[in-house]
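Below is one structure, written out as structure tokens, with a few remarks after it.
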Amino acid sequence: MYKKRLLLPFILILFAFILTGCTIFDNTSTHEVQQLLQDEGTKSQQETVKKSETDSLTINYIDVGQGDSIFVQTPSGKTILIDAGTPEMGSKVVNYIKSRGINKIDILIGTHPHNDHIGGIVEVIKTFKIVKFYMPKVTTTTRTFEEVLKAAKSKDFR
């Protein structure tokens, strides 16, 4: 229980840091995302009943070699994916998420436009329903970045 109390504030701070310089690819404000995360934290702190393992916040670091991919499931069932490794690792990330019985990602975050962080996002966007998608307000001319933008536009993200 002590670890859970420390983990949630850490995650909230991490998301606040990541979202500070990000662009929202739909018409939702950053405030709404922060409210969602705050609501999750408040809900967890208010509950005094002992929770089962399925009612806890889970954070999974998916091994994508060089790069990152972090999959988060909140106690209310919301899903968050932060990065997805290289394009070659996209199917590994997709298969991992599918193996957990997930068919929708509530928040997808590409932290920055490097191949080893956003390359696998193309496969994720093609495979899952994505509710909200965030990327930083930077542009680059790399093929990977252009493929991510193309995939995002195919799902009507702006």
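If you count by full-length UniProt numbering, then the sequence shown holds residues 1 to 158, one letter each, in order. Cβ coordinates follow ideal geometry from the N, Cα and C atoms, glycine included. None of the values given here were measured: they were computed from a predicted structure.
If you check the CB distance, V124 and I105 come in under 8 Å. In the DSSP annotation of this structure, V64 is not part of any beta strand (DSSP E), being labelled neither H nor E.
Counting along the chain, K129 sits inside the beta strand (DSSP E) bounded by residues K129 to P136. Going by DSSP, I97 is part of the alpha helix (DSSP H) stretching over G90 to S99. Rounded to the nearest angstrom, the Cβ distance from G110 to V148 is 7 Å, consistent with a contact under 8 Å.
For T141, the closest alpha carbon among the candidates N115, D156 and I130 is that of N115.
Of the candidates G67, V94, T58 and N60, G67 places its Cα closest to the Cα of I118.
In the assembly as shown, S76 is an exposed residue. Its beta-carbon has fewer than 16 other beta-carbons within 10 Å.
The DSSP-derived three-state label of I102 is coil.
Check the Cα spacing between K137 and each of P113, I80 and T74: the tightest is with P113. L108 has L81 and F133 as its beta-bridge partners, per DSSP. Here F145 carries a helix assignment [DSSP, helix/strand/coil].
Within a 10 Å sphere around the beta-carbon of T144 sit 16 or more other beta-carbons, which makes this residue buried.
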